[in-house]
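Residue numbers for the sequence shown follow the working numbering, so the first one is 199 and each next one is one higher.
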Amino acid sequence: MNVQWYPGHMIKAKRTMQEDIKLIDLVIELVDARIPLSSRNPDIDELGKNKARLILLNKSDLASEKFNAVWEAYFQEKGYYVVKINAKSGAGIKAIHAEVQKACKDKIERDRRRGILNRPVRAMVVGIPNVGKSTFINTFAGKACTKTGNKPGVTKGKQWIRLNKNIELLDTPGILWPKFEDPEVGVRLALIGSVRDEILNRTEMACALISILTEHYMGMLKERYEGVEETEKAEEILLQIAKSRACLAKGGEYDLDKAAALLLDEFRNGKIGRITLEFPEKMEGGR
Ligand code: G4P
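Below you can see the structure in the form of structure tokens.
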């Protein structure tokens with residue numbers, strides 16, 4: 199699938215992040231809970247090595263509760279600290295503070311041994327576009343925060359948001375790009391609406407979504423669209439959806455493109471239900 203991206207922007211963003219990351223103790227990485235792997239940047243582990251790491255499963259309100267727990271355990275097993283959140287409503291945000299302390303316990307302990315007390319943890323938020331970084335910074339920082347000015351020498355040109363005595367956040371998030379070259383990743387990003395629709399074939403995308411829905415969420419599909427019957431053929435289900443919602447073209451025949459737009463829209467708005475689109479490898483095909 200053809201996804202547009204700009205190498206110039208990517209190189210610049212990566213360079214900025216390499217600089218910013220030197221100033222911080224903790225990387226707060228946002229991923230989309232519906233596609234926790236596809237919404238990660240392939241370079242982040244290299245960029246964030248030697249830093250404390252916290253992964254936030256954002257938009258967890260749109261993903262399956264059961265799989266949120268599965269993904270949480272998956273990342274924890276790999277050594278990350280993890281919190282499920284909804285940056286928009288604020289759900290889960292409070293739990294972050296305790297995890298930050300745990301993730302940075304070595305640094306805090308080191309400071310204490312050197313007689314440095316109450317030096318806040320410095321953190322930056324990173325993630326691919328549209329994952330919820332700005333929403334998160336606003337919610338996490340809230341009204342209580344005060345912006346600290348530039349600190350000569352150390353934080354030249356950077357704005358820090360002081361959340362409380364324990365944590366300071368760089369006010370601009372690091373933006374990194376997903377693994378676009380992997381077509382599966384491209385489709386999943388398109389499904390959650392992170393890639394503009396015009397550059398992708400809507401019917402094909404709807405069929406890709408239907409394949410996942412029929413395999414894992416058939417009950418929800420039947421519930422939402424009356425008359426949908428199980429079949430291996432995704433396009434047939436799209437036709438059933440067109441019938442169920444009376445998506446008609448001018449000549450009176452069923453309009454698959456209209457049905458595809460409706461399905462994608464309802465999925466993205468969480469109307470079909472809470473849906474996770476990818477699963478840890480060991481579960482792929484095994485369920
Ligand atoms: P970015 O900085 O990483 O690019 O992302 P941004 O915060 O702009 O968020 C992208 C979209 O995701 C926004 O929707 C935002 O409201 C939504 N969003 C962020 N976090 C959550 C979450 O936890 N749950 C849900 N359901 N949505 C979330 P938008 O369509 O651009 O704006 P709007 O619909 O909020 O007006």
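Quick reminder that beta carbons are idealized off the backbone N, C-alpha and C, glycines included. The structure presented is a predicted model; accordingly, all values stated were derived computationally and were not measured.
- Message: Quick check: is any heavy atom of ligand 1 less than 7 Å from the C-beta of aspartate 259?
- Response: yes
- Query: Counting Cβ pairs, one atom from each stretch, are 3 or more of them under 8 Å apart for the region 257-272 and the region 240-248?
  - Reply: Segment contact: the region 257-272 against the region 240-248, fewer than three CB-CB distances shorter than 8 Å; contact not assigned.
- Message: Counting beta carbon pairs with one atom in the region 245-252 and one in the region 403-411, are three or more of them shorter than 8 Å?
- Response: Contact between the region 403-411 and the region 245-252 is absent, because fewer than three Cβ pairs lie under 8 Å.
- Query: What separation, rounded to the nearest whole angstrom, lies between the Cα atoms of arginine 443 and alanine 457?
  - Reply: 8 Å
- Task: Report whether the distance from the Cβ of serine 332 to the nearest heavy atom of ligand 1 is below 7 Å.
- Result: yes
- Message: Considering only DSSP beta bridges, list what methionine 322 is partnered with.
- Response: Val225
- Determine, using beta carbons only, whether phenylalanine 334 and valine 323 come nearer to each other than 8 Å. yes
- Message: What does the alpha-carbon distance come out to for the pair glutamate 227 and leucine 254?
- Response: Answer to the nearest angstrom: the Cα atoms are 6 Å apart.
- Tell me the DSSP bridge mates of aspartate 230? Note: aspartate 230 sits in a beta bridge opposite Asn256.
- Query: Exposed or buried, which one is glycine 351 when buried takes at least 16 other CB atoms within 10 Å?
  - Reply: Low confidence applies to glycine 351: its pLDDT is 47, below 50, so where it sits in the model is not reliable, and the reading given next is rough at best. Result: exposed.
- Query: In whole angstroms, what is the alpha-carbon distance linking arginine 320 and leucine 368?
  - Reply: Arginine 320 and leucine 368: Cα-Cα distance of roughly 8 Å.
- Message: Going by beta-carbon coordinates alone, are arginine 229 and valine 393 separated by less than 8 Å?
- Response: The sequence shown places valine at residue 229, not arginine. No. Outside cutoff.
- Item | Residue span of the beta strand (DSSP E) that contains lysine 282, given as start and end | 279-282
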